[in-house]
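Residues in the sequence shown are numbered from 143 upward in steps of one, following our numbering.
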Amino acid sequence: MREQRTKGMRWGVARKLGLVALAAAMAGALPAAAQSPAVGVACSPGGPDFTLATGAGYISLPDGNTMYMWGYSQAGQPFQHPGPVLCVTEGQTVTVVLQNPSPMDVSIIFPGQENVLADGSPAQPQFDGTGRLTSLTNVAPAGGGSVTYSFVAGKPGTFLYESGTEPQKQVRMGLFGALVVRPALGAGFAYNRPDSQFTPSEEFMLLLSELDPYQHQAAEQGATFDLTTYHPRYWLVNGRGFPDSIADNFAPWLPSQPYGALARVHGMDATSHPYPGLIRYLSVGTEDYPFHPHGNNGLVIGRDGRPLEGPGQEDLSFEKFAINIGPGQTWDVTFQWRDAESYSSTANPVPVTTSNVANLVHGMFYSGSPYLGETGPLPPGASTLNQCGEFYIISHNHALYQITSWGMTMSGPITYLRVDPPLPNTCP
Ligand SMILES: [Cu+2]
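Below, the structure written as structure tokens:
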């Protein structure tokens, strides 16, 4: 049944609409210039001036299904989900040209940004002739229209951008993305606070979302969808479900889902690696997502684009285990991994006697050794994806019904923290 439905969705109305983006999505991945970094926040080129285009395409889901989506992509590039990550610096004038070849009016709102202009005039809600609200902001008209939004990025932080036109349909269909505003203090800081410094190579994004496949099916077929029946059945992180979520950015087998969610860090040490990593959490869903990194607390330093500080800039950051991201919220959380016990196979062995290797069953990311940077014997016939004695720690949405894909458990918004051995190491 589900397979039949998938095929119907795939070759249905999208072909009739002749959406160019579909062919482009099938044709291949993003150009080489946009293929890095392999992990972490992958800013789209061109900031602070961006040209986005609407399009339709398909994403792959962990249960083998595909889903018809709408989205913003870089103009001239294939469909992608979620939209491009827009990175700018505080004080810059940001321009976003929206080109809209789709058969419906589409817009972009920038929650948290002030004095947004549309084609040079203050952006404002749109109403039809009867006074009914049709859009929260100016639109790019259907069938090839465009609109240019501009604003001065007034304050640093993590923000969403999303459609302001029929958002209960368009945002859920995928018209959203992340906006990162870096502070004037420097790109290695989250805010204009010296204590918000992080390790630039350890900056990550976890953009959380959900899908009701029947809403997508209706959109693909041009049918109406009764919003009172809305019932998400897939939950995603950066537009992917586990295990795709731990694949690199721009993995070639996920041509329309360019953003991975793996975090990869080194252990902290005072001289060579003194600053923590940073995770930028965002949610465009309708429910709370209690994200839950195993092993250690995060330090919440900002929410909704505001540093956690008092009127005199007192530090109000706090440690938290489960990061409970509400609908529309963003949270900025620093984290670190410390070799707290200094275990060493020679100087400080783990005080546990393990069973004979033939009696063990290991996870496929285990190196065969409990010591960072070392490898050891694996049970007969076992293989490993471990590359250089690194550690893997799971990190996942702790609402367990949300780490499913239409009922298939242990998929959806799950990812790993990968801890590499200290440098120099043999890791690829
Ligand atoms: Cu857990």
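A virtual CB, placed ideally from N, CA and C, is assigned to each residue, including glycine.
{"query": "Alpha helix (DSSP H) segment containing Glu-362, residue limits", "result": "355–363"}
{"query": "Check whether Thr-476 and Gly-440 have beta carbons under 9 Å apart", "result": "yes"}
{"query": "Rounded straight-line distance, which links the Cα of Gly-182 to that of Pro-563", "result": "18 Å"}
{"query": "Ser-249 beta carbon less than 9 Å from that of Gly-285", "result": "no"}
{"query": "Alpha-carbon spacing of Gly-419 relative to Asp-191, whole angstroms", "result": "27 Å"}
{"query": "Alpha carbon of Gly-218 to alpha carbon of Ser-351, nearest angstrom", "result": "25 Å"}
{"query": "Residue from Ser-425, Val-499, Ser-511 whose Cα sits closest to the Cα of Phe-533", "result": "Ser-511"}
{"query": "For Thr-231: DSSP bridge partner residues", "result": "Arg-324"}
{"query": "9 Å Cβ cutoff met for Pro-449 and Gly-299", "result": "yes"}
{"query": "Span separating the alpha-carbon of His-538 from that of Gly-468", "result": "15 Å"}
{"query": "CB of Ala-265 within 9 Å of CB of Tyr-291, strictly", "result": "yes"}
{"query": "Secondary structure of Val-248, DSSP reduced to three states", "result": "strand"}
{"query": "Distance cut-off 8 Å: His-373 Cβ against heavy atoms of ligand 1", "result": "no"}
{"query": "Alpha-carbon to alpha-carbon, Val-499 and Pro-521", "result": "5 Å"}
{"query": "Classification of Asp-474 by the beta-carbon crowding that lies within 10 angstroms, buried from 16 upward", "result": "buried"}
{"query": "Pairwise C-alpha distance: Pro-253 and Thr-517", "result": "48 Å"}
{"query": "Distance CB(Leu-559)-CB(Ala-326) smaller than 9 Å", "result": "no"}
{"query": "heavy atom of ligand 1 below 8 Å from His-223 C-beta", "result": "no"}
{"query": "Extent of the continuous alpha helix (DSSP H) to which Lys-311 belongs", "result": "309–312"}
{"query": "Endpoints, beta strand (DSSP E) assigned at Pro-555", "result": "Unbroken run through Pro-555: none, as it is neither H nor E."}
{"query": "Near ligand 2: Ile-536 beta-carbon under 8 Å from a heavy atom", "result": "Inclusion of ligand 2 in the displayed structure is not the case, the ligand content consisting of ligand 1 alone."}
{"query": "Buried versus exposed, by CB contacts within 10 Å (16 or more), Met-506", "result": "exposed"}
{"query": "His-408 CB to nearest heavy atom of ligand 1 below 8 Å", "result": "no"}
{"query": "Cβ pair Phe-94, Ala-180 closer than 9 Å", "result": "The structure shown does not extend to residue 94, since the chain is modelled only from 143 to 570, so the question has no answer here."}
{"query": "The segment 480–494 contacting the segment 452–466, beta-carbon criterion three pairs below 8 Å", "result": "no"}
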